[in-house]
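Numbering (our numbering), first residue to last: 1 to 453. Using N, Cα and C, we set each Cβ at its ideal position, and we do this for glycine too. Only a predicted model underlies this, so the values are computations on that prediction, with no experimental measurement involved. Remarks on the structure that follows.
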């Protein structure tokens with residue numbers, strides 16, 4: 001009988017963890033993120049205790065929740081080759097773990113990472129599920145360039161062999177539960193659905209339709225885009241083991257205006273997480289705008305220095321717990337607090353507020369900077385638009401700080417406002433933000449967008 005497998009999806013990072021009901025009031029969780037509360041809540045609702053937590057690989061895109069669940073009594077299962085420094089059971093290819101009625105078989109599938117394991121869940125001798133982690137995804141595979149540039153092709157070739165020799169030999173009707181999915185920077189290319197079967201991927205996955213290993217490597221490497229800079233430090237955080245916070249993250253301290261001023265003078269970063277319209281209406285000079293939404297963690301990890309204290313500006317009704325959980329799951333610990341009273345308190349203390357002009361996308365004219373990802377830009381952009389991905393703005397700020405007015409555009413306005421705040425922090429004053437995206441401009445003007453570069 002097929003066990004109950006419950007996906008727990010992180011929409012912001014595009015990842016899925018899975019809770020497996022082992023049938024004896026115990027549960028297994030695969031690839032959990034740092035905050036243990038979603039997994040504990042699902043287990044509690046079903047009357048289960050989380051007995052095991054399995055990691056498919058050392059994650060680059062989030063801080064693992066294994067230590068958090070281990071603190072609640074779970075045994076950690078992970079690749080012996082990963083060199084994890086906290087208590088766990090290290091597994092090698094072919095090793096099986098007795099889960100009671102079910103068994104879990106480790107399958108060595110290097111590629112996305114060198115130590116990568118996939119897991120086949122067995123009921124007796126019958127495979128009932130494959131937890132593929134970052135090997136086989138829905139319509140894609142995971143990228144192989146997150147370890148070191150000189151190892152990208154080597155790992156791509158290892159991934160081809162893992163797929164051909166270890167994964168695609170499994171039954172066509174076997175359900176596949178990947179960790180990375182739609183919206184994940186680890187997926188190449190990004191898919192839409194989150195689960196699949198071996199047979200469906202054989203039939204429709206374009207990276208499996210190539211004739212040989214060389215073609216696979218060329219196709220995979222040709223489809224790799226950029227990824228957040230924090231990816232480069234997460235593997236080591238997960239190998240050593242993050243601090244344990246428990247189900248309730250630390251609260252944000254309320255900081256007065258003078259406290260915030262001193263922190264900023266000492267090098268802290270002020271992150272304004274309010275909606276685009278509120279930031280535009282008035283914000284503290286030098287603030288980095290990253291609206292609080294599911295994608296907040298990715299952009300914080302891409303743009304903020306993890307070694308500098310963070311001070312936040314929020315609206316009264318925004319979720320402080322969500323903010324701290326998102327910051328912690330990408331490795332940000334120096335959360336100094338929030339500006340008590342917000343921008344109103346800042347202005348009341350005699351500090352001027354800055355403003356950003358908002359422009360409907362349909363009315364954009366003149367110099368325009370498109371900050372979407374490369375693939376988005378190539379699919380369609382305004383004629384004459386300059387393009388720099390949002391994550392690359394800090395690296396290209398010297399070329400962008402050319403004076404004169406510019407309107408920043410993305411697909412809706414959130415990334416555009418972040419880009420505008422980066423330009424303002426660098427001293428550029430005449431910056432506007434488009435509300436909406438290229439499709440809105442095209443619809444209003446009855447003109448096609450430009451494609452390609």
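Three-way DSSP call (helix, strand, coil) for residue i in this model
| i | result |
| --- | --- |
| residue 84 | coil |
| residue 216 | helix |
| residue 238 | helix |
| residue 108 | strand |
| residue 208 | helix |
| residue 261 | helix |
| residue 39 | helix |
| residue 269 | strand |
| residue 447 | coil |
| residue 57 | coil |
| residue 322 | helix |
| residue 165 | helix |
| residue 142 | strand |
| residue 244 | coil |
| residue 90 | strand |
| residue 430 | coil |
Beta-carbon proximity list for residue i, same chain, < 8 Å, skipping 5 on both sides
| i | result |
| --- | --- |
| residue 173 | 197, 198 and 199 |
| residue 11 | 183 and 294 |
| residue 264 | 270, 286 and 311 |
Proximity winner among the options, relative to residue i (alpha-carbon distances)
| i | options | result |
| --- | --- | --- |
| residue 104 | 95, 395 and 110 | 95 |
| residue 379 | 84, 411, 280 and 282 | 411 |
| residue 78 | 326, 119 and 259 | 119 |
| residue 282 | 332, 133 and 343 | 343 |
| residue 138 | 177, 291 and 313 | 177 |
| residue 451 | 121, 383 and 135 | 383 |
| residue 349 | 427, 334 and 258 | 258 |
| residue 331 | 353, 347, 306 and 404 | 306 |
| residue 66 | 221, 207, 247 and 201 | 247 |
| residue 129 | 25, 296 and 167 | 167 |
| residue 242 | 442, 329 and 303 | 329 |
| residue 20 | 26, 5, 442 and 390 | 5 |
| residue 68 | 37, 351, 406 and 98 | 37 |
| residue 8 | 24, 39 and 206 | 39 |
| residue 100 | 317, 254 and 25 | 25 |
| residue 186 | 231, 201, 216 and 219 | 231 |
| residue 2 | 407, 261 and 22 | 22 |
Cβ neighbours of residue i in the same chain (closer than 6 Å, five flanking residues each side left out)
| i | result |
| --- | --- |
| residue 320 | 252 |
| residue 81 | 115 |
| residue 240 | 85 |
| residue 127 | 120 and 174 |
| residue 302 | 228, 229 and 391 |
| residue 304 | 269 |
| residue 131 | 30, 119 and 177 |
Close Cβ partners of residue i (< 7 Å) along its chain, the five nearest in sequence each way excluded
| i | result |
| --- | --- |
| residue 93 | 106, 107 and 108 |
| residue 444 | 362 |
| residue 324 | 249, 250, 252 and 335 |
| residue 152 | 144, 145 and 221 |
Distance between beta carbons of residue j and residue i, contact taken as under 8 Å
| i | j | result |
| --- | --- | --- |
| residue 274 | residue 414 | With a Cβ gap of about 11 Å, residue 274 and residue 414 do not count as contacting. |
| residue 180 | residue 15 | 6 Å |
| residue 278 | residue 308 | Not a contact, Cβ separation roughly 24 Å. |
| residue 311 | residue 337 | 6 Å |
| residue 32 | residue 63 | With a Cβ gap of about 10 Å, residue 32 and residue 63 do not count as contacting. |
| residue 340 | residue 346 | About 10 Å separates the two Cβ atoms, so there is no contact after all. |
Heavy atom of the ligand ATP within 7 Å of residue i beta-carbon
| i | result |
| --- | --- |
| residue 128 | Ligands are entirely absent from the displayed structure, and the ligand ATP is therefore not among its contents. |
Indicate whether the contact test is met: 3 or more Cβ pairs, each with one atom in the stretch 211-218 and one in the stretch 166-183, closer than 8 Å.
-> Output reads no: the stretch 166-183 does not touch the stretch 211-218.
Evaluate the contact criterion for the stretch 371-391 versus the stretch 413-422: three or more CB pairs, one atom per stretch, below 8 Å.
-> In this structure the stretch 371-391 touches the stretch 413-422; the number of beta carbon pairs closer than 8 Å is three or more.
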